[in-house]
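Written out below as structure tokens is the structure these notes cover.
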Amino acid sequence: MDTLLQKFPMVCVDKFKLIDGETYYRGIKNFSIDGHYVGYIPILCLEGMGQTVEYNLRTKLNLSERKLMLAAVKEFEILAMDLIIDKLEYHVTDIQRQLGFFTSNIVACNPVVEKAVIMRAEIVHKLKDSFKLI
Amino acid sequence: MVIAINEIMKALPHRYPFLFCDRILEVEYGKTVKGIKNVTINEPFFQGHFPDDPIMPGVLILEVMAQIGGFIFYNSDDIEKSLKGKIVKISEAKFLASVLPGDILEVEGKFLERIGNYSQVGLSAKVDKKVVAKAVITYFFN
């Protein structure tokens, strides 16, 4: 919570973990019956994927208090529907930087069911107050 | 055809704090839809996004678009079945301006294509007639 600028109820990742040999931190999110959002909601998983990218960028770059905004979702696909999921892991596969924009690919896996990919996304972040995306 | 909040709540399973459609202004079944979401500082998400600078999260703009866009398939004679679609894909989404408390998000949707159980809708969200976001959303119907 010190690293991300989002706070409750918009913190969509519970824990970040760096596995030996991996370049990027994984985001981990548990789902339960909490006060605001019951169960898992795909659009909040997309936010969790975005926050995992943001955490990786903030740990690598000196962004201090500069906000990263979602500029585009090139693609977000739900590959498995109607599953009862109590935990998801967000894996960043790559991040490309171009001027003030960061394009990343992320998959959301269910760590319990043999790392099954539940969702995948390609999203673009931009630094707030940088260029406008046309 | 205007659809007010009581009818919207019969059609959509979403509830506070995740019901993001205040009113449907126009709907032509299977073709077009127009609806609004009034954005207010009392929304819970503004507490955390961001505590010092309230900005509507992009993913929630997408959720507004998805909920309103689904009303293209609204059939007042069969409400139970008409909105049972689920989002399976979002593509080409762009966020062109920040959405702030006090804004009225006006979403327009146009049916694009149907392939089997999958239906694609093109959506744009405007504030004061200026496009702030656009996306193509694919729904799956059982």
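As they're listed, the protein sequences go chains A and B. Our numbering puts the first residue of the first sequence at 25, with every later residue one more than the last. Our numbering puts the first residue of the second sequence at 18, with every later residue one more than the last. Each residue gets a CB set at the ideal place from its N, CA and C atoms; glycine is no exception.
Residue i bridges to which residues according to DSSP?
i: A:ILE142; result: According to DSSP, A:ILE142 bridges with nothing at all.
i: A:LEU112; result: A:LYS53
i: A:GLU40; result: It is worth fixing the name first, because residue 40 of chain A is Phe in this sequence and not Glu. A:PHE40 is bridged to A:GLY51.
i: A:LYS118; result: Lys is not the amino acid found at residue 118 of chain A; the sequence shown has Asp there. Paired residues: A:ASN129.
i: A:ILE147; result: A:VAL97, A:SER128
State the start and end residues of the unbroken beta strand (DSSP E) segment that holds residue i.
i: B:ALA142; result: 135-144
i: A:ALA132; result: 125-134
i: B:ASN55; result: 49-55
i: B:GLU130; result: 121-132
i: B:TYR156; result: 147-157
i: B:LYS106; result: 103-112
i: B:PHE35; result: Segment: none, B:PHE35 is in no beta strand (DSSP E) and carries neither H nor E.
i: A:LYS98; result: 92-102
i: B:VAL116; result: Careful: B:VAL116 lies outside any beta strand (DSSP E) and carries neither H nor E.
i: B:VAL44; result: 40-45
For the alpha helix (DSSP H) that contains residue i, what are its first and last residues?
i: B:GLN84; result: 75-86
i: A:GLN75; result: 66-84
i: B:ILE25; result: 22-28
Within a Cβ cutoff of 7 Å, which residues of the same chain sit near residue i, ignoring the five residues on either side of it in sequence?
i: B:ALA21; result: ARG40
i: A:ILE158; result: Confidence is the limiting factor: at A:ILE158 the pLDDT is only 42, short of 50, which leaves the residue's position unreliable and the question unanswerable from this model.
i: B:GLN84; result: LEU29, HIS31, PHE37, CYS38
i: A:ASN80; result: TYR48, TYR49, VAL116, ILE119
i: B:LEU79; result: ILE107, ALA110, ALA152
i: A:LYS156; result: At A:LYS156 the pLDDT is 49, less than 50, meaning the model places this residue with poor confidence and gives no usable figure here.
i: A:ARG90; result: LEU151, LYS152
Hey, is residue i's beta-carbon within less than 7 Å of any beta-carbon in chain A?
i: B:SER136; result: no
i: B:LEU29; result: no
i: B:ASP145; result: no
i: B:PHE62; result: yes
i: B:PRO68; result: yes
Which same chain residues, not among the five before or five after residue i, have their C-beta less than 6 Å away from its C-beta?
i: B:ASP145; result: none
i: A:THR117; result: ASN129
i: A:LEU112; result: LYS53, ALA132
Would you say residue i faces chain B, with C-beta separation under 7 Å as the test?
i: A:GLU78; result: no
i: A:MET25; result: no
i: A:VAL97; result: yes
i: A:PHE32; result: yes
i: A:LEU29; result: yes
List, in chain order, every chain A residue whose beta-carbon is nearer than 9 Å to that of residue i.
i: B:ILE15; result: The question about residue 15 of chain B has no answer here: the residues shown for chain B are numbered 18 through 159.
For residue i, which residues of its own chain have a beta-carbon under 8 Å away from its beta-carbon, when the five flanking residues on both sides are left out?
i: B:ILE58; result: PRO71, PRO118, GLY119
i: A:THR147; result: According to the sequence as given, residue 147 of chain A is Ile; it is not Thr. If we look at A:ILE147 and ignore the five residues flanking it on each side, its Cβ neighbours are LEU70, MET73, GLY74, VAL77, LEU94, ALA96, VAL97, LYS98, PHE100, THR127, SER128, ILE130.
i: B:VAL105; result: TYR135, THR155, TYR156, PHE157
Just to make sure I have the definition right: I need the residues of chain A whose C-beta is within less than 8 Å of the C-beta of residue i. Which are they?
i: B:LEU79; result: ILE67, LEU70, VAL97
i: B:SER108; result: VAL97, LYS98, GLU99, PHE100
Mind listing the chain B neighbours of residue i? Cutoff is C-beta to C-beta under 8 Å, in chain order.
i: A:LEU94; result: PRO74, GLY75, VAL76, PHE112
List, in order along the chain, the chain B residues whose C-beta lies closer than 9 Å to that of residue i?
i: A:VAL35; result: GLY65
i: A:LYS91; result: PHE67, ASP70, ILE72
Against residue i, what residues of chain A qualify as contacts under a CB-to-CB distance less than 7 Å, listed in chain order?
i: B:LYS103; result: MET105
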